[in-house]
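Notes for the one structure printed next.
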Amino acid sequence: MGVSRGPALTFKALHPTFGAECCGVDFSQPVSEEIISEIRTAMARYGVLVFRRTLLDDARHIAFARQFGELDTSTVIAMPWAKHRLAPHKELTDVGNIDNRGRIISKNSITYQGGRANGLFHVDCSFHPRRAGYSILRAHQLPPKGTGGGTMFADTRTAYDDLEETTKTEIDGFVLSHSAVHSKKIAAPDYAPFDVLKAENFTMIRRKLVQLHEPSGRMNLYIAAHGHHIDGLTEEESQPVIKRLLQHASQDKYTFAVDWEDAGDLVIWVSK
511 MGVSRGPALT FKALHPTFGA ECCGVDFSQP VSEEIISEIR TAMARYGVLV
561 FRRTLLDDAR HIAFARQFGE LDTSTVIAMP WAKHRLAPHK ELTDVGNIDN
611 RGRIISKNSI TYQGGRANGL FHVDCSFHPR RAGYSILRAH QLPPKGTGGG
661 TMFADTRTAY DDLEETTKTE IDGFVLSHSA VHSKKIAAPD YAPFDVLKAE
711 NFTMIRRKLV QLHEPSGRMN LYIAAHGHHI DGLTEEESQP VIKRLLQHAS
761 QDKYTFAVDW EDAGDLVIWV SK
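Here the sequence shown is numbered in my numbering, starting from 511 and rising by one per residue.
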């Protein structure tokens with residue numbers, strides 16, 4: 511690990527194979543296209559970039575995000591029962607555990623139970639027809655230091671590289687069906703209101719399990735807890751394969767956690 515310098519920005523590696531902390535972006539004014547281009551180049555290399563103390567508000571967060579492409583709205587991926595604390599900014603999705611009155615959400619609530627799937631390794635919006643290119647997460651309010659709340663990332667490109675050739679041959683051509691209902695159920699197996707939900711009764715999105723990440727030119731293991739079944743196999747036949755690949759990609763040597771230090775910290779990562 512070390513520090514690399516671009517034309518305007520500095521990148522401090524956070525893991526031997528991926529992830530870096532980026533310094534040098536002035537978020538107090540609109541970010542230039544030259545800086546955006548340098549960030550894109552770094553994203554192809556690192557996959558995950560951390561920006562500290564950006565001091566962005568919601569409107570400037572959205573303006574910055576829009577420089578990377580068209581934005582989805584929170585109505586696309588939000589749980590329909592959740593109230594939107596960040597209104598009127600429909601481009602932002604609230605993934606916190608605080609309700610509209612500033613209280614910690616009850617563990618017995620459907621909002622809490624539905625959100626438990628965020629604690630599983632996943633790819634953002636893999637279950638949505640329009641796959642996300644990047645995801646951006648900004649800290650609004652943080653728990654006391656030392657109480658947790660870090661965000662884990664996995665290097666699925668290196669994880670693919672390290673697979674045995676027999677496994678690469680086995681999974682070549684596999685197509686995985688992704689379901690948000692499936693991941694919510696496995697994250698909250700004892701939550702009775704989810705018992706009536708059947709992934710088969712909802713639309714699933716099919717994605718190739720092994721994909722070329724074009725900006726880096728590397729192959730990527732597109733594996734997620736949203737994975738319900740592999741084309742041509744039953745759910746029962748598919749799940750051991752999916753779990754084996756998830757366990758492989760989430761080994762300590764492929765992962766690191768971003769520890770949030772201040773409100774305004776922001777992370778961008780590749781979602782495909």
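Ideal Cβ positions, reconstructed from N, Cα and C, are used throughout, including at glycine.
Beta-carbon within less than 7 Å of residue 609's beta-carbon, same chain only, minus the 5 sequence neighbours each way: which residues are those?
Within the same chain, and ignoring the five residues on either side of residue 609 in sequence, the residues whose Cβ sits closer than 7 Å to its Cβ are 615.
If you drop the 5 nearest sequence neighbours on each side, which residues of the same chain put their C-beta closer than 6 Å to that of residue 744?
Correct list: empty, nothing qualifies.
Using 8 Å as the cut-off, can you tell me whether the region 550-560 makes contact with the region 722-740, which would need three or more C-beta pairs spanning the two stretches below that distance?
yes
Let me check understanding here. Comparing Cα to Cα, which of 558, 602 and 641 lies closest to residue 575?
Ranking the options by Cα distance to residue 575, first place goes to 602.
How is the alpha helix (DSSP H) around residue 721 delimited, first residue to last?
In the DSSP annotation of this structure, residue 721 is not part of any alpha helix (DSSP H); the continuous beta strand (DSSP E) holding it starts and ends at 720-723.
Inter-residue spacing [alpha-carbon to alpha-carbon] between residue 523 and residue 533:
12 Å
If you count every other CB in all the chains shown that lies within 10 Å of the CB of residue 544, and 16 or more means buried, which is it?
With fewer than 16 Cβ atoms within 10 Å of its Cβ, residue 544 is classed as exposed.
Nearest CA to the CA of residue 581: which residue from 733, 625 and 643?
For residue 581, the closest C-alpha among the options 733, 625 and 643 is that of 643.
What alpha helix (DSSP H) runs, 4 residues minimum, are completely inside the region 538-572?
543-556
Buried or exposed, going by whether 16 or more other CB atoms sit within 10 Å of the CB of residue 707?
exposed
Let's see if you can read the secondary structure: which residues bound the beta strand (DSSP E) around residue 688?
685-688
Reduced DSSP secondary structure (H/G/I, E/B, other) of residue 737
Residue 737: strand per DSSP, three-state reduction.
For a test of the three-state rule: what should DSSP assign to residue 694, helix, strand or coil?
The three-state secondary structure of residue 694, taken from DSSP, is helix.
If you compare alpha carbons, which of 559, 539 and 740 is closest to residue 527?
Closest by alpha carbon: 559.
Is the distance from the Cβ of residue 756 to the Cβ of residue 631 below 8 Å?
yes
Counting beta carbon pairs with one atom in the region 764-776 and one in the region 685-692, are three or more of them shorter than 8 Å?
no
Could you give the C-beta distance for residue 541 and residue 519, rounded to a whole number, given that I count them as a contact under 8 Å?
Residue 541 to residue 519, Cβ: 11 Å. No contact.
Cα-Cα separation, residue 785 to residue 647
Given a span of 511 to 782 for the chain in the structure shown, any question on residue 785 remains unanswerable.
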